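Residue numbering for the sequence shown follows my numbering, beginning at 16 and increasing consecutively.
Okay, structure first, notes after.
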Amino acid sequence: MKFLFRLSRSYVNRSLLQVLLTGLFLAGLIYFVHSEHLQVWQMRAVFNSVHTGWLAAGFILCIVYIVLQAALYSYAFKSVGAVVPLSTSLQLFLKRNFVSTFLPAGSFTSLAFFEDELDKHKLNRTQIRSGSFLFVVASMVSVFVIAIPAYGILLLGNHLRSIDLYALAFLVALLFSMVYIARSIIRQHGFIYALLMHYFPGLAASVDELRQQYFHTRMFLVAILISIAIELVGVVHLYIAMAALGVHPSIAASFVGYVVMVIILSVSPFLRGMGAIEVSLVYILSLYGQPVLMAASVTLLFRLFEFWIPFVAGLLSFFLRRGNILLRFFPAGFMLLLGIVNIISALTPAIPERLRLLAEFIPFSVTQLSTAAVLVLGVILLVASAFLLTGARNAWKIALVVSILSLIGHLTKAIDYEEALLALVTIIVLLYTSKAYFVKHDIAFQYRAAGKIIIAVVILLVYAVIGFSVINGHGEGIRMSLRESFTESIKTMVFLTGSIRLPADTGNHFLMSVQAGSVLIIAYILYVFMHLSRNHAPDKDETEKAAKILEQHGNSSLDFFKVYPDKQFFFGADDNAFISYGESQHYAVVLEAPVAPDEATAQQLVYQFEEYCREQGLRTFYYRVSEAHLALFEDLHKKSILIGQEAVVDLDAFNLAGSDRKSLRNGIRKAEQNGLHVDIHKAPLAPDVMQALKKVSDNWLQQEGHRESGFTQGIFDDTIVQQHTVLALRDRDNNLLAFADVIPDYRAGEATYDMLRYIQDIPNGSVDFLMVKMMEYFRAEHYRTFNMGLAAFAGFDNPSNMSEQVIRFYRDHFKQASRFKGLYEYKNKFGPVWENRYLVYDQLYDLLRFPAVLKNLSDPE
């Protein structure tokens, strides 16, 4: 079996652990759903006899419990000099609490997740990890504080078992171990510190930062007090569970039961003590005189307060946030489900009792009309659900209107309140996610099509009226009046059953033809309403204006491609700045940052462009943005992710001396011995030179993995290449082996190239030879630096977040990404300075769409 990637030592040490944890996470999720669904179902029986007042108190206390957990996070971070808003701490707790259910030793391992939630508050990694660690320490201290009196109660009541002593001993050992590890690392002495430094030498810098970390003792004491309050809330929750079910509540039982639960939770290696907690609580409550069945019911209600409600709240925290990737699929899913339900509901018989009740309020004709409407609306819902995934604004409007009509239709056709409830939920989901639908449609096309739709409806209506008159006259001997034919035609076109009997065979075929015409018209109306606006190509004047601005204010190696034929332009109000972008799949992809005279103008232009895109129904990406330009997007609350690094060689400092350049020296010496040389062809290029270049380019394109790719680089266009200076690599017989075309670089003192193409059987080291000769040429032309272009996925050796860790894992271990790693290693042997490049985007959903969007832009037509 051929593996896609080979396991390296670093992979085994680090990445394999992440993969195993992810596998355990998924396995835990499957086991959890399989083993706990009965417990969730049994909760329904508990509420049949519950005291609503106590139940309400329990729910209110749940909110207090969650807020206290968030406050504990806030004060844990304050202890290390970091300020985190309560809202952010709330999200952090809910998400970590949720994932901890499925992770081994979840209370601890969940601390490695969702650090990105804190990045926007300017916390460094040391503060994030120190604050999270102090959160756990405060939680452990509070458990220890309340465990002592609880064990005293057990001891006095002669209920103390050996297993309880083992649990307490483990808790004490765990607490002191955490304190010992922290002291050993901070003070840089002891066995733990030596062990970490031996196996993880990269921790040295983090330890130095930790030792210098500001620590506020009073804030940490407040955190401990909050944690104690959280434990007391748990005790009260158990007391309320007993009172709500009519059991005589016991403070002692509540205290002891809760502490035993927390200890089991602390020592549980997986699934947060599920099963063990329930069994232990039932046993503790039975010791205090409660029947086993009632003790089990109290335990279920207590678990609802302490586990299920925070668990569900954590789940919702992933979904109920505008722009969440999963939330984008919710409306379409509800629309699809509602459409199916509509069709099934319209085609199945109604409940007779409901029809009789409905007949007392509305005529039967209205019920009949509602049934037909629900059927048609179901078909429209199915179509609209697909368009919702594209973010189409008109699809959202249709979905909302049709969902409202479905709600009314289900109630008026047979009081189908179950289906109406689904329609109501769909309406709420659509309203909540309204801002996610931004793609505009072609209004001019819709106006043009309106006349065609009217003509089609009139033609179908005339056909139906004539048909009813003719068919009925032959079948029954009674000719329908024009008014009756018109009425029957309208009913048939809207899928209602007519009041006139027609001949069986001919009549059925005729009715089907009329209704088929209605279906085609409805389909065409939907097509017209969903028809998307089209891109517009810039005219010659716009291109010339952009080129003039570029000559004045250009400052990037990619500026040449900002006026390439595949770009569109957005100009500032004073025509002294512009943005170069391409449109693809309802996204505007901006190449780098604006070309502008100063940063203030550039930032203002970005704001104007964002407003323009919003009006046009476009989302935005800013591709290959430099680190210096990230500040342009801060006030827009956009996200950014590192996508690679550009290699920039200092031409004055570059030479072939030293052991690290030995392979280059050997390759160049061998190339010269074989008679290789480089010719420089100045623009405009002669026809015979162009013919030779075209031949090499065609050969290069035929090689595996090579293709024309635009947007951030050029394609072999004769009219464009002919205007470039070209460095041609030739052999002893003057045959062309490879070439590189020089393009304008608007960064002061910098030179760059676009295409570097070579024949398939080019001798080893030839490209290195061409590259070195190109540097020598640029140095002779008095350039100071040489931009070798982007190395995708470079710069992830020390990933700062989960996304970068995933990218590094993909780059290092998957065969598909090996070429990116090889490109970095090739460029790195020339000793460049690496400059970070970023992608700026809005939402995670957009980020996942970006590869397809860029591929569509990069493929030449």
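The beta-carbon is built from N, C-alpha and C at its ideal position, and this holds for glycine as well.
Everything numeric in this text was worked out from a predicted model, so none of it was measured.
Around the Cβ of residue i, are there at least 16 other Cβ atoms within 10 angstroms (buried) or fewer (exposed)?
i: Pro609; result: buried
i: Val868; result: buried
i: Ser599; result: buried
i: Ile481; result: exposed
i: Pro325; result: buried
i: Leu666; result: buried
i: Ile443; result: exposed
i: Arg747; result: exposed
i: Gln618; result: buried
i: Phe230; result: exposed
i: Pro378; result: exposed
i: Phe376; result: exposed
i: Ala438; result: buried
i: Glu246; result: buried
i: Asp613; result: exposed
i: Ile143; result: buried
i: Glu626; result: exposed
Which residue's Cα is closest to the Cα of residue i: the options?
i: Leu838; options: Leu805, Asp861, Ser360 and Lys870; result: Leu805
i: Leu785; options: Phe402, Asp694, Gly406 and Asn749; result: Asp694
i: Ile683; options: Pro699, Glu791 and His652; result: Glu791
i: Ser572; options: Gly764, Ala701, Gln631 and Phe159; result: Gly764
i: Ala668; options: Tyr80, Gly569 and Arg799; result: Arg799
i: Val787; options: Gly846, Ile442 and Ser385; result: Gly846
i: Val578; options: Lys560, Asn112 and Gly587; result: Lys560
i: Asp783; options: Val711, Tyr90 and Lys677; result: Lys677
i: Val848; options: Glu687, Phe801, Gly329 and Gln858; result: Phe801
i: Asn357; options: Leu436, Met770 and Tyr298; result: Leu436
i: Ile656; options: Lys870, Ala662 and Phe636; result: Phe636
i: Val529; options: Ser504, Phe544 and Tyr539; result: Ser504
i: Gln660; options: Asn843, Leu300 and Leu541; result: Asn843
i: Ile299; options: Ala258, Phe320, Gly261 and Leu253; result: Leu253
i: Gly466; options: Phe593, Tyr539, Phe483 and Leu280; result: Tyr539
i: Gly96; options: Gly725, Leu446, Ser145 and Gln718; result: Ser145
i: Ile255; options: Ser484, Phe726, Trp69 and Glu433; result: Trp69
i: Ser418; options: Glu433, Tyr432 and Gly393; result: Gly393
What are the boundary residues of the beta strand (DSSP E) that includes residue i?
i: Leu771; result: Glu765 to Tyr773
i: Ile889; result: Residue 889 lies beyond the range of the chain shown here (16 to 876); nothing can be said about it.
i: Ser674; result: Looking at the DSSP string, Ser674 is not in any beta strand (DSSP E), and its letter there is neither H nor E.
i: Phe584; result: Gln583 to Phe586
i: Phe731; result: That residue, Phe731, is in no beta strand (DSSP E); it is neither H nor E in DSSP.
i: Val855; result: Val848 to Tyr856
i: His696; result: His692 to His696
i: Tyr452; result: Segment: none, Tyr452 is in no beta strand (DSSP E) and carries neither H nor E.
Return the first residue and the last residue of the alpha helix (DSSP H) that residue i is part of.
i: Thr67; result: Thr67 to Lys93
i: Arg799; result: Careful: Arg799 lies outside any alpha helix (DSSP H) and carries neither H nor E.
i: Phe865; result: Leu859 to Ser873
i: Arg745; result: Where Arg745 is concerned, there is no enclosing alpha helix (DSSP H), although the beta strand (DSSP E) it sits in stretches over Thr740 to Arg745.
i: Glu649; result: Per DSSP, Glu649 belongs to no alpha helix (DSSP H) and is neither H nor E.
i: Ala113; result: According to the sequence shown, residue 113 is Phe rather than Ala. Run containing Phe113: Leu101 to Ser115, per the alpha helix (DSSP H) assignment.
i: Ala311; result: Val307 to Arg318
i: Val417; result: Arg408 to Ala429
i: Thr232; result: Thr232 to Ala259
Thinking residue i and residue j are a contact (beta carbons under 8 Å), I'd like their distance in whole angstroms, please.
i: Asp574; j: Tyr761; result: 4 Å
i: Ala881; j: Ile658; result: Missing from the structure shown is residue 881; the chain here goes from 16 to 876 and no further.
i: His696; j: Val741; result: 5 Å
i: Leu351; j: Leu397; result: 7 Å
i: Ser242; j: Val156; result: 7 Å
i: Leu390; j: Leu415; result: 19 Å between Cβ atoms; not a contact.
i: Ala311; j: Val65; result: Contact doesn't hold; Cβ gap of about 14 Å is too wide.
i: Ser781; j: Leu691; result: 6 Å
Take every Cβ of the region 234 to 241, pair it with every Cβ of the region 79 to 87, and state whether three or more of those distances are shorter than 8 Å.
yes
Practice item. Give a yes or no on contact between the region 751 to 761 and the region 729 to 743, applying the rule of three or more CB pairs nearer than 8 Å. Key: yes
| Would the region 495 to 506 and the region 531 to 543 be scored as touching if the rule is three or more Cβ pairs under 8 Å? | no
_Stretch pair the region 443 to 452 + the region 468 to 475: three plus CB contacts closer than 8 Å_ = no
Worksheet item: Pairing CB atoms from the region 424 to 432 with CB atoms from the region 312 to 328, are three or more of them under 8 Å?
Response: no
Checklist entry - Can we say the region 579 to 592 touches the region 773 to 781, given the rule of at least three CB pairs closer than 8 Å? => result no
* Are there three or more Cβ pairs, one per stretch, closer than 8 Å when the region 390 to 408 is compared with the region 346 to 353? -> yes
Examine the Cβ distances between the region 635 to 653 and the region 847 to 861 and report whether three or more of them are shorter than 8 Å. yes
Could you tell me whether the region 296 to 307 touches the region 256 to 270, where touching means 3 or more Cβ pairs closer than 8 Å? yes
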